[in-house]
Amino acid sequence: MAMAWRAAPRVAARLALGRRGIASCIDPSVGLTEDQKEFQKVALDFAAKEMAPYMAEWDEKEIFPVETMRKAAQLGFGGIYVKPDVGGSGLSRLDTSIIFEALSTGCTSTTAYMSIHNMCVWMIDTFGSEEQRRRFCPSLCSMEKFASYCLTEPGSGSDAASLLTSAQRKGDTYVLNGSKAFISGGGDTDVYVVMCRTGGPGPKGISCLVVEKGTPGLSFGKKERKVGWNSQPTRAVIFEDCAVPVGNRLGAEGQGFSIAMQGLNGGRINIASCSLGAAHASVLLAQEHLTVRKQFGEPLANNQYLQFGLAEMATRLVAARLLVRHAARALQDGREDAAVLCSMAKLFATDECFLICNQALQMHGGYGYLKDYAVQQFVRDIRVHQILEGTNEVMRMIVARSLLQG
Ligand SMILES: Cc1cc2nc3c(=O)[nH]c(=O)nc-3n(C[C@H](O)[C@H](O)[C@H](O)COP(=O)(O)OP(=O)(O)OC[C@H]3O[C@@H](n4cnc5c(N)ncnc54)[C@H](O)[C@@H]3O)c2cc1C
Numbered sequence: 094m095a096m097a098w099r100a101a102p103r104v105a106a107r108l109a110l111g112r113r114g115i116a117s118c119i120d121p122s123v124g125l126t127e128d129q130k131e132f133q134k135v136a137l138d139f140a141a142k143e144m145a146p147y148m149a150e151w152d153e154k155e156i157f158p159v160e161t162m163r164k165a166a167q168l169g170f171g172g173i174y175v176k177p178d179v180g181g182s183g184l185s186r187l188d189t190s191i192i193f194e195a196l197s198t199g200c201t202s203t204t205a206y207m208s209i210h211n212m213c214v215w216m217i218d219t220f221g222s223e224e225q226r227r228r229f230c231p232s233l234c235s236m237e238k239f240a241s242y243c244l245t246e247p248g249s250g251s252d253a254a255s256l257l258t259s260a261q262r263k264g265d266t267y268v269l270n271g272s273k274a275f276i277s278g279g280g281d282t283d284v285y286v287v288m289c290r291t292g293g294p295g296p297k298g299i300s301c302l303v304v305e306k307g308t309p310g311l312s313f314g315k316k317e318r319k320v321g322w323n324s325q326p327t328r329a330v331i332f333e334d335c336a337v338p339v340g341n342r343l344g345a346e347g348q349g350f351s352i353a354m355q356g357l358n359g360g361r362i363n364i365a366s367c368s369l370g371a372a373h374a375s376v377l378l379a380q381e382h383l384t385v386r387k388q389f390g391e392p393l394a395n396n397q398y399l400q401f402g403l404a405e406m407a408t409r410l411v412a413a414r415l416l417v418r419h420a421a422r423a424l425q426d427g428r429e430d431a432a433v434l435c436s437m438a439k440l441f442a443t444d445e446c447f448l449i450c451n452q453a454l455q456m457h458g459g460y461g462y463l464k465d466y467a468v469q470q471f472v473r474d475i476r477v478h479q480i481l482e483g484t485n486e487v488m489r490m491i492v493a494r495s496l497l498q499g
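Those letters in the sequence shown? Residues 94 to 499, by the working numbering.
Structural data, given as structure tokens:
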């Protein structure tokens, strides 16, 4: 059975080798600049050597691979679209998408956490004062410290603007009370970017505070047991009379919801990119399995029904990638419709890529359902991409609203 597991590193290695053995129609490097091809190769190599061989173990033992992520940060992946003067790589949203897609072929769950971390660092870099940028960003970009994004609450998920965690101003501090649910990295991370209520109801009453681990009154719930995303912990984050300096507020009072949503625009591209990586790896796993496995006296690959299935998977993958890259460019260019395009990309790519991975599992027959085969982990890991950073129903709401408002 160890044999089967070698398929994941092997597939990641095939990707890292570039075109060799991979049809150019699904090659993720097509259309990229020489620079982009270069760091895509670095990310694919890293995925193949440092992530894919361990992704099963991280999943099984629920290991948060801190040292591996720090190695990735040495390559510039801890603050990819953060400005260089505070340790970031200063790359574009498209560059970021290319890197997350590549890393995700090695371990989708770990890459997805890294994408959330990157989103948080970008929020501090973009909306923080000079003093805040210099205080927080360098150690986050190097991943000496890790960050979490805290928006969801037990009573407010899709209706995020109804959040209740209160932050009452008392002199030079805000005193926080309330709790956040489902926080990725929660308990293991050092810096919490928290959306909380400093004013009246609705989005305009929300501010954004950076809360550091160790602050009295900050505690964590039990580690959640999850279907996938097991290489990163998920916990509730609890505030009980937790006093946070006013100097930790990002932006102005009442700007928090806007900051949270702007963070999520990029977050949605990133999570969609993680889905692309999982789907690409799954297409290759299915291709290998169909070629090797024989039934009815010949390789499964000779069966036209399965050939058509593989063709559809490849087509869905390329279509999803094109939309994600289109949205990434729109966000980079500050286009007016960028937020809607990011929602479209997240909706389409995470739905299509889940179908691809699931179909790849089906092509493995019973073996696909065994934990010894990598494809099931890609299915489990990307299922949640349809739920978080705004569910895909919320994505439809955003797209429909923009269409109907003209
Ligand atoms: C593993 C994991 C990690 C996460 N990490 C983070 C994190 O790091 N930080 C963070 O802040 N949050 C995080 N989340 C939370 C995630 O963003 C929420 O779960 C998500 O936004 C949905 O909220 P909910 O679970 O409360 O579902 P609900 O809002 O209760 O929705 C339930 C269902 O109803 C649908 N629905 C709701 N309203 C409508 C409507 N008006 N029209 C149509 N359908 C609707 C939803 O789409 C969904 O299918 C994480 C979640 C998971 C599972």
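All residues carry an ideal CB built from backbone N, CA and C; glycine is no exception.
Kindly list the residues whose CB is nearer than 6 Å to the CB of M488, restricted to its own chain and excluding five residues on each side of it in sequence; keep chain order.
S436, K439 and L440
What residues are listed by DSSP as bridge partners for S259?
Within the DSSP secondary-structure output, S259 pairs in a beta bridge with N270 and R290.
By how many angstroms is the C-alpha of S182 removed from the C-alpha of Q167?
10 Å
For the beta strand (DSSP E) containing E381, name the first residue and the last one.
E381 -> not in any beta strand (DSSP E); alpha helix (DSSP H) instead, spanning G349 to V385.
Taking 6 Å as the cut-off, is the C-beta of Y285 nearer than that to any heavy atom in ligand 1?
no
Using only the heavy atoms of ligand 1, determine whether one of them is closer than 6 Å to the beta carbon of I43.
No information on residue 43 is available, as it lies outside the stretch 94 to 499 that the chain covers here.
Whose C-alpha, out of C301, N395 and S277, is nearest the C-alpha of A345?
C301
The alpha helix (DSSP H) spanning S436 covers which residue range?
A431 to M456
Taking the beta strand (DSSP E) that C301 belongs to, which residues open and close that run?
I299 to E305
So does the segment 332-350 actually touch the segment 291-299, counting three or more Cβ pairs closer than 8 Å?
yes
Rounded C-alpha distance that separates A420 from A431
Taking the straight line from one Cα to the other gives about 6 Å.
Pair within 7 Å by beta-carbon distance, N341 and V303:
Yes, they are a contact pair.
Between M94 and the rest of its own chain, which residues show a CB-CB distance below 8 Å, the 5 nearest in sequence each way excluded?
In this prediction, M94 has a pLDDT of 37, which is less than 50 and means its spatial position is unreliable; nothing more can be read from the coordinates.
Within 10 angstroms of the Cβ of M96, are there 16 or more other Cβ atoms? Answer buried if so, exposed if not.
Because M96 carries a pLDDT of 44, less than 50, the predicted location of this residue cannot be relied on, and no value is offered for it.
May I ask which residues mark the beginning and end of the alpha helix (DSSP H) holding V330?
V330: not part of any alpha helix (DSSP H); member of the beta strand (DSSP E) spanning T327 to P338, first to last residue.
Which residue from G199, L269, T201 and Q261 puts its Cα closest to that of S312?
The shortest C-alpha separation from S312 is found at L269.
Residues that F275 bridges to, as DSSP identifies them:
Answer is none; F275 lacks a bridge partner.
Please state the DSSP three-state secondary structure of F389.
coil
Between W215 and G370, which are expected to be in contact by the criterion C-beta below 8 Å, what is the C-beta distance as a whole number of angstroms?
With 8 Å as the limit, W215 and G370 do not qualify as a contact, their Cβ atoms being about 20 Å apart.
Three-state class that DSSP yields for C243 in the structure shown
strand
Tell me which residues share the same chain as H478 and place their Cβ nearer than 6 Å to its Cβ, disregarding the 5 neighbours each side in the sequence.
I364, S368 and T443
Could you name the residues of the same chain whose beta carbon sits closer than 6 Å to that of I331, not counting the 5 residues immediately before and after it, in chain order?
S272 and S312
Among R186, K319 and A353, which has the Cα closest to the Cα of D426?
R186
Taking only three categories from DSSP, how would you classify F157?
F157: coil per DSSP, three-state reduction.
Alpha carbon to alpha carbon, how far is R409 from E194? Give it in angstroms, no decimals.
Going by the C-alpha atoms only, they are around 15 Å apart.
Tell me the residue span of the beta strand (DSSP E) that contains S312.
Per DSSP, S312 belongs to the beta strand (DSSP E) from L311 to F313.
With DSSP as the reference, identify every bridge partner of L343, one or two as the case may be.
Answer is C301.
Per DSSP, what kind of secondary structure is S197 in: helix, strand or coil?
helix
Nearest-angstrom beta carbon gap, G461 and Q470 [assumed within contact, 8 Å]
Not confirmed; about 11 Å, so no contact.
Spatial neighbours of N485 in its chain, beta-carbon cut-off 8 Å, leaving aside the 5 residues before and after:
Result list for N485: K439, L440, T443, D444 and Q479, in chain order.
DSSP beta-bridge partners for Y285?
S241 and V304
Taking 7 Å as the limit between beta carbons, can you name the residues of its chain near S232, skipping five residues before and five after?
K238
Out of V417, F170 and R422, which has the shortest C-alpha to C-alpha gap to Y206?
F170
Going by DSSP in three states, S324 sits in which element: helix, strand or coil?
coil
Quick check: F157 and Q325, are their CB atoms within less than 7 Å of each other?
yes
Pick from L383, Q388 and C446: whose alpha carbon is nearest that of A407?
C446
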